[in-house]
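Numbering (this note's numbering), first residue to last: 34 to 279. Quick reminder that beta carbons are idealized off the backbone N, C-alpha and C, glycines included. Encoded as structure tokens, the structure appears first; notes follow it.
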């Protein structure tokens, strides 16, 4: 069982990709009903002003350090083995594992089609038991029940949820008790990256903490607020934590 580290009120898991995947595989064997959140800087910032979201993230069985500033903070607290652990890498490793049954929820039908082709090409023998692209609106109860019924019928070991944060995290928390799925993992844009519909930053940019700049250049209209304002708020909250009010 991994340890959790307090990062601005968010209980981040002290682990790396290998440790995370081994623990997830253990949960599959136990039929645990766990859910996994990823914690980039944007999630840490959102949790500062949304206590309900913070509660959802902290209730997760695993909160992976996604985003190098989060990794550096966890490392600085005495966990030198911690590495960036984010959705695409978790998917790549676990899709290689024989015997696991995978279900994918999120994205658009076009993205899901490309994702299915790429996964089957890149991971021969992968067992994809279902895919569903929900509408980009609030679903009526019959629609929601149809989705959960399809997931039940497919009997996945891992349900990959790519609805974007915070939506995917609230969805997993709400459905943990009613879905007979050992592990749900919210992986954000991982579907787009593995489908090839969005570019991933070069590894050197990921390792040095500049992936945000790459993604901002690729999608400035959508991401400028998250990175320019969000990153500034992260620095502000971090500095404020060093000088608490008495």
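- In this structure, residue 51 lies away from residue 73, with their beta-carbon atoms at least 8 angstroms apart.
- For residue 149, the secondary structure class from DSSP, reduced to helix, strand or coil, is helix.
- Closest by C-alpha distance to residue 53, out of 109, 215, 96 and 161, is 96.
- Contiguous alpha helix (DSSP H) elements confined to the stretch 107–178 occur at 120–128 and 142–155, taking only those with 4 or more residues.
- DSSP places residue 67 in the uninterrupted beta strand (DSSP E) bounded by 67–72.
- Between residue 40 and residue 106 the beta-carbon gap is near 5 angstroms, inside 8 angstroms, which marks them as a contact.
- Residue pairing of residue 194 in beta bridges, as defined by DSSP: 138 and 219.
- Boundaries around residue 97 are those of the beta strand (DSSP E), 95–98, since no alpha helix (DSSP H) includes it.
- Contact check for residue 263 against residue 78 passes: the beta carbons are separated by less than 8 angstroms.
- Among the bridge pairs identified by DSSP, residue 39 is matched with 44.
- Assignment of residue 230 by DSSP, reduced to helix, strand and coil, places it in the coil class.
- Contact between the stretch 190–197 and the stretch 131–140 is established, with three or more Cβ pairs separated by less than 8 angstroms.
- The Cβ atoms of residue 93 and residue 144 do not sit closer than 8 angstroms to each other.
- Residue 84 and residue 178 have their alpha carbons spaced roughly 28 angstroms apart.
- Counting other Cβ atoms within 10 Å of its Cβ, residue 276 stays below 16 and is therefore classed as exposed.
- Exclusion of the five residues before and after residue 243 leaves 234 as the residues of its chain whose Cβ lies within less than 8 angstroms of its Cβ.
- In the DSSP annotation of this structure, residue 211 is not part of any alpha helix (DSSP H), being labelled neither H nor E.
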